[in-house]
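Residues in the sequence shown are numbered consecutively from 10, following the numbering used here.
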Amino acid sequence: MRVTLEEVDRIASLSMLSLDEQTRLMLQKNLDEILEHAEKLNELDTEGVEPTTYILKQQNVFREDKEGKVWQRDDMLKNAPESEDGCFIVPKVVE
Numbered sequence: 010m011r012v013t014l015e016e017v018d019r020i021a022s023l024s025m026l027s028l029d030e031q032t033r034l035m036l037q038k039n040l041d042e043i044l045e046h047a048e049k050l051n052e053l054d055t056e057g058v059e060p061t062t063y064i065l066k067q068q069n070v071f072r073e074d075k076e077g078k079v080w081q082r083d084d085m086l087k088n089a090p091e092s093e094d095g096c097f098i099v100p101k102v103v104e
């Protein structure tokens with residue numbers, strides 16, 4: 010196997026995961042299968058194939074950049090449930 014258990018442990022550590030032995034072995038096998046598949050893709054002959062981002066023909070459609078209404082801070086804060094010193098007051102979401 011190309012992926013070692015030490016590498017699986019390192020990935021788990023970086024991901025802040027604690028894995029039991031069965032999960033470690035399963036992940037080792039899965040990562041090996043992924044790498045084998047990538048190696049098979051490297052065997053394909055891509056000579057003369059243009060690199061593409063999408064398989065479908067797509068293009069960006071840009072709109073004209075027009076100057077719009079400039080909102081004043083006081084006008085925006087009129088709809089705020091709470092404000093202080095010209096800023097929105099929102100509930101704390103991080104402890």
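Every residue gets a Cβ at the ideal spot worked out from N, C-alpha and C, and that includes glycine. It should be emphasised that the depicted structure is a prediction, and the values quoted were computed from it without experimental measurement.
Supposed close pair residue i, residue j - CB separation, criterion 8 angstroms
i	j	result
A21	L14	A21 to L14, Cβ: 10 angstroms. No contact.
D41	R11	6 angstroms
E104	I98	Incorrect: roughly 18 angstroms between the Cβ atoms, too far for contact.
Alpha carbon of residue i to alpha carbon of residue j, nearest angstrom
i	j	result
E93	E76	29 angstroms
R82	P100	20 angstroms
I43	Q37	10 angstroms
G57	L50	16 angstroms
E48	T55	14 angstroms
K78	V70	23 angstroms
R72	M35	50 angstroms
T62	D74	26 angstroms
S24	Q31	18 angstroms
L53	Q67	25 angstroms
L26	K87	46 angstroms
I64	W80	41 angstroms
Exposure of residue i, with buried meaning 16 or more beta-carbon neighbours within 10 Å
i	result
V17	buried
From the options, residue whose alpha carbon lies closest to that of residue i
i	options	result
C96	R33, L36, M85, K78	M85
Q) Hey, which unbroken runs of the alpha helix (DSSP H) at 4 residues or more fall wholly within the region 21-103? A) 30-51, 82-86
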